[in-house]
Structures are given as C-alpha cells and as structure tokens.
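In our numbering, the protein residues as written are 1 to 230.
In this text, a Cβ means the ideal position worked out from N, Cα and C, and glycines have one as well.
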Amino acid sequence: MKAIVFDTGPLISLSLNNLLWLLPKLKEKYGGKFYITKAVKREAVETPLKSKKYKFEGFQILKLIEDGVLEVYDDPALKDETKKLLDMANKLFEAQGHFVKNVHYAEVEVIAAAVLMQADCIAIDEFVTRMIIEDPIKVKERMERKLHMKVSANDDNLNNFKNQVKDVKVIRSMEIVTLAYELGFLDEYANLDIENSKKELLDAILWGVKLNGCSGMTREIAEIKKIEGF
Numbered sequence: 001m002k003a004i005v006f007d008t009g010p011l012i013s014l015s016l017n018n019l020l021w022l023l024p025k026l027k028e029k030y031g032g033k034f035y036i037t038k039a040v041k042r043e044a045v046e047t048p049l050k051s052k053k054y055k056f057e058g059f060q061i062l063k064l065i066e067d068g069v070l071e072v073y074d075d076p077a078l079k080d081e082t083k084k085l086l087d088m089a090n091k092l093f094e095a096q097g098h099f100v101k102n103v104h105y106a107e108v109e110v111i112a113a114a115v116l117m118q119a120d121c122i123a124i125d126e127f128v129t130r131m132i133i134e135d136p137i138k139v140k141e142r143m144e145r146k147l148h149m150k151v152s153a154n155d156d157n158l159n160n161f162k163n164q165v166k167d168v169k170v171i172r173s174m175e176i177v178t179l180a181y182e183l184g185f186l187d188e189y190a191n192l193d194i195e196n197s198k199k200e201l202l203d204a205i206l207w208g209v210k211l212n213g214c215s216g217m218t219r220e221i222a223e224i225k226k227i228e229g230f
C-alpha cells in the first residue's frame, strides 16, 4: 500500500466510536502513508478545538498527527488542482437551467490530493462525494428526489470529470472497521459474555459508524455480516 487520503468524516466517525486507535495498527500492518489535507485538518482538528461538543475528538485526531500516524499533505499544486476539480464537480448536474452545487472544497481537496500523489484510495463517508466518483447517476436521482424536479447530467462535464478521477478508489469507515474486525484487532471484545458475541460485535461497529455519519444502507450491513459468516 502506498497511501490513503482521509476526509474528515471517517476520522470523526472513528473518534466518536472510540476507534481511532485502529489507524496506527492498520498503518503498521500495511505500511504506506495516511494523509489528510489542510482543509481536513481545519474541519477535524482546528474547528472542534474551538467548540465544546467535539473538542476532545479534535485532541484525539491532533495526537495522531503529532505522532506521525496522519500526515498533512501540502503540495504546491494542490490548490489549483482542487479548484479545477471543484469547478468540474459542481457543473455535473443542472436543474431549471442552473448548475446544482453538490460538493464542497474540503471533500474535493481530498480527491485532488489523491490524484496528485496517485494514492491507493481515499477514505470518505459522505454519499455525494463518493458517488460522483463511483456512480454519478445515483447523485442525479437523489437530487431529483430531494428537489422534486427534473435534474439533467451535463454529459461533457461528466465525462471530463470521470476521466480526471478514474483511478481514485473509495473506502468508507464501514470498510475500515470491517477490515480491523477481520484482522482480529477487536478480538478483545469478541469473547465477552454476550450471546453471539462476534456477530454482535460486528453489528455494533457497523451501526456505530453508520449512525455517526457513514453513508451506507441497512442491506449493506446485512451483506457484510453474511460475508463474515453471520
């Protein structure tokens, strides 16, 4: 593994579930680099440290940075690459003659960093940002349901964007915790005095990240549990 670039969502989701400690173990297991961008640091550390509700989460993520588990990616080309991709991403869909804005700077900065460094993947929980990479038509359909109006895809812009991000792979905190489960990192909880403890543990971590911001459907959780033998 060469590198993973993390968006804010998975870091917050893992911290709220007391699972950030998995990241050093995963990094040690696979090698490679775990990166965040400056915008993600602002969202995951600097803003929470100024709040009351998520202040300790900010402390936890900052410690991972200071321990070298997470590194802040700073390439001189990142700003221009982000602006280019952001402009493209927000001109994919139109409604009533106007482009519909669907993503924000910090999320696209993660994608841009992955493109520049040719990262193995990005870790992002947000539905729209993930889907404009994996299946943009699902974003269009979701917009139509939310806006209650016809939304059209701009085919030229969509094809250009797809070409820019064609090598970017996406994982979510749901995949991260499942991998940690498979590697035995959570085994200390798997043998507690609970009926079907291994099954219930997997259920607990999957629902934990889903309920703290990871986009995912109930059937996906069921499918993961089936793959794991439950």
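| query | result |
| --- | --- |
| Do the stretch 113-123 and the stretch 97-105 touch if we need at least three Cβ pairs shorter than 8 Å? | no |
| Which of helix, strand or coil does DSSP assign to Lys27? | helix |
| What first and last residue would you give for the beta strand (DSSP E) that runs through Ala3? | 3-6 |
| Considering Lys84, what are the terminal residues of the alpha helix (DSSP H) in which it resides? | 78-89 |
| Is it a yes or a no for the stretch 81-98 touching the stretch 137-144, going by three-plus beta-carbon pairs under 8 Å? | yes |
| When burial is assigned at 16 or more other CB atoms within 10 Å of the CB, is Glu66 buried or exposed? | exposed |
| Is DSSP giving Phe185 helix, strand or coil here? | coil |
| Apply the 10 Å Cβ neighbour rule to Ile61 and answer buried if 16 or more other Cβ atoms are within range, or exposed otherwise. | buried |
| Between the stretch 143-151 and the stretch 187-199, do three or more beta carbon pairs fall short of 8 Å? | no |
| So what does DSSP say about Lys284, is it helix, strand or coil? | For the chain, the structure presents residues 1 to 230; residue 284 sits outside this window and is missing. |
| Shortest alpha-carbon distance to Val115 belongs to which of Leu14, Phe161, Phe99? | Phe161 |
| Measure the C-alpha to C-alpha separation of Tyr181 and Asn18 and round it to an integer number of angstroms. | 14 Å |
| Whose C-beta lies closer than 8 Å to the C-beta of Glu71 among residues of the same chain, with five residues either side of it excluded? | Lys33, Phe34, Tyr35, Ile36, Ile65 |
| Go through its chain and collect everything with a Cβ distance to Arg172's Cβ below 6 Å, but skip five positions before and after it. | Asp125, Cys214 |
| Assign Pro76 to one of two classes, buried (16 or more other C-beta atoms within 10 Å of its C-beta) or exposed (fewer than that). | exposed |
| Distance, Cα to Cα, Glu188 vs Leu179? | 16 Å |
| Pull up the distance between the alpha-carbon of Ile133 and that of Gly58, whole angstroms please. | 28 Å |
| Please confirm if the stretch 39-55 is in contact with the stretch 20-28, defined as three or more CB-CB distances below 8 Å between the two stretches. | no |
| Less than 8 Å between the C-beta atoms of Leu11 and Ala39, yes or no? | no |
| Tell whether a beta-carbon distance below 8 Å holds between Leu201 and Leu186. | yes |
| Compute every distance between the C-beta of Leu206 and the non-hydrogen atoms of the ligand SAH, then say whether any falls below 7 Å. | The ligand SAH is not among the ligands present in this structure, which contains no ligands whatsoever. |
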